[in-house]
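*Asks:* Have a look at this one before I ask anything.
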Amino acid sequence: MSLLNQLFSRGVFGTRCKTCLNLAISRIKLLQNKRDLQLKQMRKEIAQFLQAGQEPIARIRVEHIIREQNTGAAYDILELFCEFVLARVPVIENQKECPQELREAIASIIFAAPRCSDVPDLLHVKNLFTTKYGKEFVSAASELRPDSGVNRTIIEKLSVHAPSGEAKLKVLREIAEEYNVAWDYSKTEAEFSKNHEDLLAGAKQVSGRAMASQNHSKSSSFTSAPSTMKHSQMPVHNKQAYEHLESRTPSNNKSYFNTHEIEPSPKNGDLHSDDAKRETRSQSGDVLEKARAAIAAADRASAAARAAAALVHTIGFGPSKLEGRSS
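In this note's numbering, the protein residues as written are 432 to 758.
As structure tokens, this is what we get:
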């Protein structure tokens, strides 16, 4: 049963692979014909821009032409690889591992499949090779590992890097010669030869100098700041120790501070306020003690008056007796 499954899977793989490769080849041919017509039209427009003296527009449009030319060159190579793999499908079916002579073609198709969105058949071919050889083989080609075997020309043509100034100037000169345009390319050559990185570096240097000057001004302001800032920024748990050290500073330090005309810090104001609070507290304590002594004397006087009244009543000197004696 397993042998039948293997034979059936081989037949399915071969049929699907041939179908997808044939569709990819026919689609690539149609795209190449369409791209050739577009390139001719675009080259003609750039020639008109050069003849009209609109060089900045031509410099921008030429990048699209170079990109389309690179894509067309990569598609030509992919078409040859697809035809080569299509002719070797029976060999691929009978071998578990990828044949060495087909490694570059298969790896290049796998690498180009996600980068050629207008040829979706290549993605189906990639999925078939993933089932055939495993994910490790496909990831090695997609990530461009050293042993992947992807064609170097396809890697360069399908890259997303902007074309160099020399390449753009070369294409512009070819277009001018093709359409017999009398074009002086000295300005364009000078524009492409400009080193824009120097401008960026200069801006960075200027910004670096500005930052350095700001840091220097900040450091100088901190060094020339009065001692009040140091007092105010001091942690709370170190204030008592600092007060003790200030009380023990010699007279020469005081003279040094006087020569610099430093204003009294908020810490000294706190000391004066503490002394005033202590004085008010001592005065209020004296007043309370005096009031308490007066209240005690009044209590003693009232107690003596009560004792005298009680003594008079006990002896019997009533009001009538006092009046009789007086008569």
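Each residue gets a CB set at the ideal place from its N, CA and C atoms; glycine is no exception. Keep in mind that this is a model prediction, so the values were computed, not measured.
Under a three-way DSSP split, which group does tyrosine 616 fall into?
*Replies:* Correct three-state label for tyrosine 616: coil.
*Asks:* Please tell me whether glutamate 514 and arginine 492 are closer than 8 Å, where the distance is taken between their beta carbons.
*Replies:* No, they are not a contact pair.
*Asks:* If the criterion is Cβ atoms closer than 8 Å, does the pair leucine 553 and alanine 543 meet it?
*Replies:* Against a cut-off of 8 Å, the Cβ pair of alanine 543 and leucine 553 comes out as a contact.
*Asks:* For the 8 Å Cβ check, are there 3 or more pairs between the stretch 500-517 and the stretch 586-601?
*Replies:* With the cut-off at 8 Å, the stretch 500-517 and the stretch 586-601 touch.
*Asks:* Let's see if you can read the secondary structure: which residues bound the alpha helix (DSSP H) around tyrosine 610?
*Replies:* That residue, tyrosine 610, is in no alpha helix (DSSP H); it is neither H nor E in DSSP.
*Asks:* Whole angstroms is fine: what's the gap from valine 581's alpha carbon to alanine 483's?
*Replies:* Cα-Cα distance, rounded: 44 Å.
*Asks:* Would you kindly check if the distance between the Cβ of leucine 600 and the Cβ of tyrosine 616 is under 8 Å?
*Replies:* Their beta carbons are under 8 Å apart, which means tyrosine 616 touches leucine 600 by this criterion.
*Asks:* Which residue spans inside the stretch 567-601 form an unbroken alpha helix (DSSP H) run of at least 4?
*Replies:* Complete alpha helix (DSSP H) runs here, min 4: 583-588.
*Asks:* How is the alpha helix (DSSP H) around valine 550 delimited, first residue to last?
*Replies:* Per DSSP, valine 550 belongs to no alpha helix (DSSP H) and is neither H nor E.
*Asks:* Once the 5 residues before and after tyrosine 564 are set aside, which same chain residues still bring their CB inside 7 Å of it?
*Replies:* So the list reads Cys529, once near-sequence residues are dropped.
*Asks:* Identify whether arginine 490 lies in helix, strand or coil by the three-state DSSP scheme.
*Replies:* Here arginine 490 sits in helix by DSSP.
*Asks:* Taking Cβ to Cβ, would you say leucine 481 is nearer than 8 Å to valine 602?
*Replies:* No.
*Asks:* Thinking just about the alpha-carbon of each residue, which of His495, Asn525, Pro551 is nearest to the one in leucine 452?
*Replies:* The shortest C-alpha separation from leucine 452 is found at Pro551.
*Asks:* Counting only C-beta atoms, is glutamate 514 closer than 8 Å to chain B at any point?
*Replies:* This model lacks chain B altogether; it includes just one protein chain.
*Asks:* Count the other C-beta atoms from every protein chain shown that fall within 10 angstroms of the C-beta of leucine 511, then say buried if there are 16 or more, exposed otherwise.
*Replies:* Exposed, by the Cβ-count rule.
*Asks:* Among Gln531, Cys547, Glu494, Asn525, which has the Cα closest to the Cα of isoleucine 456?
*Replies:* If we check each option's Cα against that of isoleucine 456, Cys547 comes out closest.
*Asks:* If you follow the alpha helix (DSSP H) that arginine 546 is in, where does it begin and where does it stop?
*Replies:* Looking at the DSSP string, arginine 546 is not in any alpha helix (DSSP H), and its letter there is neither H nor E.
*Asks:* If you draw a straight line from the alpha carbon of alanine 738 to that of glutamate 720, how long is it in whole angstroms?
*Replies:* Roughly 27 Å between the two C-alpha positions.
*Asks:* Which residue marks the beginning of the alpha helix (DSSP H) containing glutamate 524, and which one marks its end?
*Replies:* Looking at the DSSP string, the run of the alpha helix (DSSP H) that includes glutamate 524 is 520-525.
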